[in-house]
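Numbering (the numbering used here), first residue to last: 89 to 358.
Here a beta-carbon is modelled for each residue, glycine too, at the ideal position from N, C-alpha and C.
A quick note: this is a predicted structure, and the numbers were derived from the prediction, not measured.
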Amino acid sequence: MRDLGQGFGYLVKGQRWVAQHRKQFGWGLLPGLITLVLYAAALVALALWGADLVSWATPFADDWGSPWQGTFRGFLTALLFSLALLLSVVSFTAVTLLIGEPFYESLSEQVDVSVAGFAPESGLPLWRDLLISARDSLRIVVRALLWSVLLFGLGFLPVVGQTVIPVLGFLVTGFFLAEELTAVALQRRGVRLRERLALLRARKTLAWGFGAPLAVAFLVPFVAVFLMPGAVAGATLMARDLLDEDDDDDAAAGGDGTAATDPPRTPTTA
89 MRDLGQGFGY LVKGQRWVAQ HRKQFGWGLL PGLITLVLYA AALVALALWG ADLVSWATPF
149 ADDWGSPWQG TFRGFLTALL FSLALLLSVV SFTAVTLLIG EPFYESLSEQ VDVSVAGFAP
209 ESGLPLWRDL LISARDSLRI VVRALLWSVL LFGLGFLPVV GQTVIPVLGF LVTGFFLAEE
269 LTAVALQRRG VRLRERLALL RARKTLAWGF GAPLAVAFLV PFVAVFLMPG AVAGATLMAR
329 DLLDEDDDDD AAAGGDGTAA TDPPRTPTTA
């Protein structure tokens, strides 16, 4: 339970950090806004032309009589839109992080500098970092989507589907959100996807405390946009905890971003 509260504490500290560093917060909003516009356009297009797409994909139902044709295609159209909405929620963070890689890298580095006086670097060129980030994000989105489909199906079970399954859904989504957000700081330290997952599985309640409240908040798209910069900042602080790096919580909560006098340390590698 201590880890659960500590995970939520990192989320709060991250929001406090960006509130005290307005420039970083402003730049950090841009990727979320871009992603929100792209997703909104895609969903609007699907709402307008989804029925036509379903009709094109089901030519075998052209000769069906009323009401079977309308009922069948209406159900498929609703299911298609529901799955698209589910996919947008699951993938929003990954796509935002991918679009905003340079913004969030800079923000995460500034958090490290405000805490320790230096920021670990991967030593890889930007294109290589982007490639690794895209590959890992795709893997996480696929895993999260598989879990989402499973939980969606279990949601039809009586009683359990309306009580236990929604809670499990937020915990699963929160875990994957914690992985995606800590990846910004951990990838700079050379920690790859398998090791990142192992670190978080060893401290699931920490990941849940950080990610589950975000999963609830991210149900509202505009909230997700405004919380993303602080979530990246908080995830950087949590990444330091996962790697047992010495950090100064007071500096993280109220530091001015100036370098400390601590000597540089060797980044952790996979």
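**Prompt:** In three-state DSSP terms, what is Thr123?
**Reply:** Residue numbering aside, residue 123 sits at position 35 when the sequence shown is read from its first letter. It is helical.
Tell me whether Arg104 sits in a helix, a strand or coil according to DSSP, three-state version. Reading the sequence shown from its first residue, position 16 is the one you call residue 104. Arg104 falls in the helix class under three-state DSSP.
Quiz item: Candidates Arg291, Trp115, Glu189, Leu238: which alpha carbon is nearest Ile253's?
Solution: Counting from one through the sequence shown, the residue named residue 253 turns up at place 165. Ile253 has its Cα closest to that of Leu238, out of Arg291, Trp115, Glu189, Leu238.
So Ala303 packs on Leu265, CB below 8 Å; how close in whole Å? For the purposes of this step, residue 303 is identified with residue 215 of the sequence shown, where counting begins at 1. For the purposes of this step, residue 265 is identified with residue 177 of the sequence shown, where counting begins at 1. About 6 Å; that satisfies the 8 Å criterion.
Task: Secondary structure of Ser202, DSSP reduced to three states - done: Here residue 202 is taken as the residue at index 114 of the sequence shown, counted from 1. If DSSP states are grouped into helix, strand and coil, Ser202 belongs with the helices.
| What residues in its chain sit with their C-beta under 6 Å from that of Ala139, if we drop five residues either side in the sequence? | By 1-based counting over the sequence shown, the position of residue 139 is 51. If we look at Ala139 and ignore the five residues flanking it on each side, its Cβ neighbours are Thr165.
| request: Starting from Ala207, follow the alpha helix (DSSP H) in both directions and report where the run begins and ends. | output: Position 119 of the sequence shown, counting from 1, holds the residue named residue 207. Note, Ala207: premise wrong, no alpha helix (DSSP H); not H, not E.
So, under 8 Å CB-CB, Phe96 and Pro301 are touching, yes? Tell me the CB distance rounded to an integer number of Å. As a working mapping, residue 96 is identified with position 8 in the sequence shown. As a working mapping, residue 301 is identified with position 213 in the sequence shown. 6 Å between Cβ atoms; contact.
Exercise. Which of helix, strand or coil does DSSP assign to Asp91?
Worked result: By 1-based counting over the sequence shown, the position of residue 91 is 3. It is helical.
#### Entry: Beta carbon of Val178 nearer than 8 Å to that of Ser236
Taking the sequence shown and counting its residues from 1, the one referred to as residue 178 is at position 90. Taking the sequence shown and counting its residues from 1, the one referred to as residue 236 is at position 148. A contact, by the Cβ cut-off of 8 Å.
| task | In the DSSP assignment, find the unbroken alpha helix (DSSP H) run with Ala149 in it and report its ends. | result | Here the question's residue 149 lines up with position 61 in the sequence shown. No alpha helix (DSSP H) holds Ala149; DSSP gives it neither H nor E.
Would Glu283 and Thr181 qualify as a contact pair, given that the criterion is a beta-carbon distance under 8 Å?
As a first step, residue 283 must be located in the sequence shown, where it is residue number 195. As a first step, residue 181 must be located in the sequence shown, where it is residue number 93. Going by C-beta atoms, Glu283 is not nearer than 8 Å to Thr181.
For Leu147, does the count of other Cβ atoms within 10 angstroms reach 16, so buried, or fall short, so exposed? Locating residue 147 in the sequence shown gives position 59, where the first residue counts as 1. Going by the sequence as given, residue 147 is Pro instead of Leu. When all chains shown are included, Pro147 counts as exposed.
- Please check the pair Gln157 and Ala149, which I expect to be a contact at CB under 8 Å, by giving their CB distance rounded to whole angstroms. If you number the sequence shown from 1, residue 157 lands on position 69. If you number the sequence shown from 1, residue 149 lands on position 61. Contact flag correct, Cβ pair sits at about 5 Å.
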